[in-house]
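Step one of this worksheet: look at the structure below.
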Amino acid sequence: MSDSLTFAVPKGRILDEALPVMARAGVVPEEAFHDKANRSLTFGTTRDDMRLIRVRAFDVATFVAHGAAQMGIVGSDVIEEFDYADLYAPVDLDIGHCHLAVAEPKEGAASVDGASHVRVATKYPNLTRRFFERQGVQAECVKLNGAMEIAPSLGLCGRIVDLVSSGQTLKENGLVETGHIIDITARLIVNRAALKTDPRVAALVEAFRRDATERKAA
Ligand code: PRP
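Each residue of the sequence shown is one higher than the last, beginning at 1 in my numbering.
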């Protein structure tokens, strides 16, 4: 059993929804975590035996899959893109609702029907290739890490695959949604080995599960 538990949380807008859920399960960061000027990546919590790390969403999954963090919170998009064997996602937290979509320029948005090859800018090459394969289309993915919405207008690609929440970013960049890939919610993820060997991890999974069930019933 490791001495200190490490809980990984993603940077970005999901944190606002995740923090109250974490608090109900007894995971409360120290005050410094809320200070926007603080550049630390590791924070204490109200528990002596737990610290938080704040990293990019894709890296939450990587830290937990390798056991460098015992648990964390991440979108189901990241879990499905990587399909890590050592990562277990036991609780749907019912927060961070959004979906993964294909989008194309409003002017001249073409259906992929009939095309045998498309060029797509995305952070999700695996999910993208799988989605187009099911339609008999080969997707050539150009990896971007953000702001993909500008890629079609600059001629980098005909389409993008990205997260859509309110739809505002697509709209403001002249894109329309032409394919719905998967619905997404945030999940609690744990390292399988840590779950087997550290009772504190199992207890936390139970606390998150109980809270999710109670919120659903409310
Ligand atoms: C996400 C996503 C889209 C945007 C969609 O980016 O990549 O760009 O949100 O949200 P909307 O449908 O409500 O407009 P985010 O702002 O999380 O930043 P990122 O580009 O760093 O991922």
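For every residue, glycine included, the Cβ atom is placed at its ideal position computed from N, Cα and C.
- Of the other Cβ atoms in all chains shown, 16 or more fall within 10 Å of the Cβ of ASP211; this residue is therefore buried.
- ALA121 and VAL161 have their C-alpha atoms roughly 6 Å apart.
- When secondary structure is reduced to three states using DSSP, HIS180 falls in the strand class.
- ASN191 sits in a strand when the DSSP states are folded into three classes.
- In the three-state reduction of the DSSP assignment, GLU30 falls in the coil class.
- It is roughly 25 Å from the alpha-carbon of PHE43 to the alpha-carbon of ASP94.
- Cβ-Cβ distances below 6 Å link VAL102 to ARG159, VAL161, THR178 and GLY179 in the same chain, with the five nearest sequence neighbours on each side left out; the list follows chain order.
- Take the alpha-carbon of GLU80 and the one of LEU127: they are about 7 Å apart.
- A direct Cα-to-Cα measurement between CYS141 and PHE82 gives close to 16 Å.
- Here GLN70 is buried. Its C-beta has 16 or more other C-beta atoms within 10 Å.
- Annotation: ALA89 is outside any alpha helix (DSSP H); the continuous beta strand (DSSP E) that includes it extends over 87 to 92.
- No heavy atom of ligand 1 is found nearer than 8 Å to the CB of ARG54.
- In the three-state reduction of the DSSP assignment, LYS36 falls in the coil class, being assigned neither a helical nor a strand state.
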